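Everything below concerns the one structure shown next.
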Amino acid sequence: METHDRKHGKKETAMNNHIFLPATEEGAKLNLTYEQEHTCKVVYKPAEDGKGYVFSELWDIRPEIKYSDSYIIVPVRSVYVDKFTYSADDIFANIIHSSADHCPSNSWKQLLISHGIDCSQCATDGYFYDSKDHSGKTYFTDYQCGGEIKGGHIINSFSAAPVPSGSYVYMLPICHNHNSCCTDDTGRNGSGFFMMPRSEGQGIRLRGYMVL
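The numbering of the sequence shown is our numbering, which starts it at 12 and goes up by one.
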C-alpha cells in the first residue's frame with residue numbers, strides 16, 4: 012500500500028512494523044484501559060550506530076500516517092520504566108523527531124492522570140528560555156504558554172534534540188505552545204528553547220534506547 016513515510020516525508024510502499032515485546036517489570040503493573048492498550052504505543056527508529064533503536068515519537072494513530080519498515084512500533088508496557096519526581100530547578104527540552112505537531116492520542120494524557128499526575132495546567136513555569144543562555148535569565152517575550160494540555164515527551168537538556176543513546180524519555184503534561192513553538196530559525200517544532208517546571212512534580216519515564 013502507498014503510505015506517507017515519516018522519516019523521509021515522501022510517499023513510498025511500506026508496512027507498519029508493530030512488535031509485541033515483553034513488558035518491563037514496571038510496565039506489567041500498569042493499569043491500562045482497553046483504549047490505552049491499543050493506542051499508547053511508542054515508535055523507535057534505527058540508531059545511528061546501527062546497534063539498536065532510539066526513540067522517535069509517540070505512535071500517531073491517524074490512519075493516513077504510516078511508517079516505513081525501518082521503524083518499529085511497540086506497546087507502552089514494553090518500554091515503561093517508572094514514575095519519577097522532578098524538582099523546581101530542573102530543566103528540560105523537547106525531543107526533535109520527524110513528526111509534525113500532533114497529539115497522537117488523548118490516552119497518553121489519561122495515562123498521566125491515572126498515575127496521579129495533575130494535567131490541569133502546563134508543568135512549565137510559562138517561559139520559553141533561550142537555549143543559548145543556560146543561566147535561565149534570558150527568555151523569549153513573544154511566546155506564551157497556552158493551548159491544549161498534552162502528554163509532552165521531553166529530555167533533560169538545555170536544547171531540543173533527538174534522544175541520545177542510553178538516555179530516557181520523560182513525559183510531562185505541557186501545553187500545545189511549549190510542545191510545538193519554534194523560537195529559532197530551524198523551523199522544527201519545539202526547538203530553540205528549554206523549559207523549567209513551575210514547581211516540584213511527577214511524570215512518567217520511558218526507555219529512550221533499546222537493543223532487540
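Quick reminder that beta carbons are idealized off the backbone N, C-alpha and C, glycines included. Because the structure is a prediction, the values reported are computed rather than measured.
Asked                                                                                                                                       : Found
Can you grab the Cα-Cα spacing for the pair glycine 63 / valine 222, in whole Å?                                                            : 4 Å
Rounding to the nearest angstrom, what Cα-Cα distance links tyrosine 154 and proline 208 in this structure?                                 : 16 Å
Excluding the 5 residues flanking valine 85 on each side, which residues of the same chain have their C-beta closer than 6 Å to its C-beta? : Ile30, Leu32, Val53
What residue range is occupied by the uninterrupted beta strand (DSSP E) comprising glutamine 213?                                          : 212-218
Whole angstroms are fine: how far does the CA of threonine 197 sit from the CA of aspartate 141?                                            : 14 Å
Using the Cα positions of valine 87 and lysine 161, report the straight-line distance between them to the nearest angstrom.                 : 17 Å
Using three-state DSSP, classify serine 67 as helix, strand or coil.                                                                        : strand
If we ignore side chains and look at the alpha-carbon of each, how far apart do cysteine 186 and glutamine 132 end up?                      : 8 Å
Report the CB separation of isoleucine 83 from proline 173 in whole angstroms; it is logged as a contact under 8 Å.                         : Their Cβ separation, rounded to whole angstroms, is 16 Å, which puts isoleucine 83 and proline 173 out of contact at 8 Å.
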